[in-house]
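Undergrad: In the numbering used here, the protein residues as written are 122 to 316.
Beta carbons are placed, not taken as given, at the ideal position from N, Cα and C, and that holds for glycine.
These numbers come from a predicted model, not from an experiment.
Next up, the structure:
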């Protein structure tokens, strides 16, 4: 019986050894195969980094009313249109005419696609500025003095009121400033606004 147990033990150990050697050989073969594939394959990220290092690609940040805002790597001769396509295009609220899509991109550039409401607000600001209107909530002393009927002392009173009370909620609120009554307000109401 001892001999039979020894033979069984020897066979078992022999099978175990053969199995272990086979598994080791399969593992070595798999590792060699993976190494070979790694050497032969050129990963996309590596090629993009190589191009970027050579100055052929740039990084551009696009945000606002686009489907997928973020930083995109594009060819150096790309246009804003190319970056917009990578970002999934415009959202429904985007102002399509607010950005020159044919403009070339530059490395580190930020592209902001405004909403229709933001574009309208910006247009209104530009029109007010072109018309010489003064925003009571942001105007400096000099800008306030440029309003007909407002001298330096009244301009200082407006600034003091703004510091004390906060932003003006409507242009007619300027009549609560010392020295400005309805008659003066009637003369300057077409020269001021609040936002």
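Would the segment 250–262 and the segment 274–294 be scored as touching if the rule is three or more Cβ pairs under 8 Å?
TA: yes
Undergrad: Going by DSSP in three states, residue 151 sits in which element: helix, strand or coil?
TA: Caution applies to residue 151, whose pLDDT of 42 falls short of 50 and renders its modelled position unreliable; the value that the coordinates give is listed next. Helix, per DSSP.
Undergrad: Kindly indicate if chain B contains any beta-carbon less than 7 Å away from that of residue 240.
TA: Protein chain content of the structure displayed is limited to a single chain, and chain B is not contained in it.
Undergrad: Just confirm the distance between the C-beta atoms of residue 204 and residue 226, as a whole number of angstroms; I'd bet it's less than 8 Å.
TA: 6 Å
Undergrad: Residue 286 by DSSP, collapsed to three states: which one?
TA: In this structure, residue 286 counts as helix in the three-state DSSP scheme.
Undergrad: I need the DSSP call for residue 253, collapsed to helix, strand or coil.
TA: coil
Undergrad: Measuring straight from C-alpha to C-alpha, what distance separates residue 182 and residue 217?
TA: 18 Å
Undergrad: Exposed or buried, what is residue 248 when buried is set at 16 or more other beta-carbons lying within 10 Å of its beta-carbon?
TA: exposed
Undergrad: In the DSSP output, which residue or residues are listed as bridge partners for residue 215?
TA: 236
Undergrad: Can you grab the Cα-Cα spacing for the pair residue 246 / residue 224, in whole Å?
TA: 24 Å
Undergrad: CA-CA distance, residue 201 and residue 269?
TA: A straight-line Cα-Cα distance of about 44 Å links residue 201 and residue 269.
Undergrad: Between the C-alpha atoms of residue 244 and residue 251, what's the straight-line distance to the nearest angstrom?
TA: The straight-line gap from Cα to Cα measures roughly 11 Å.
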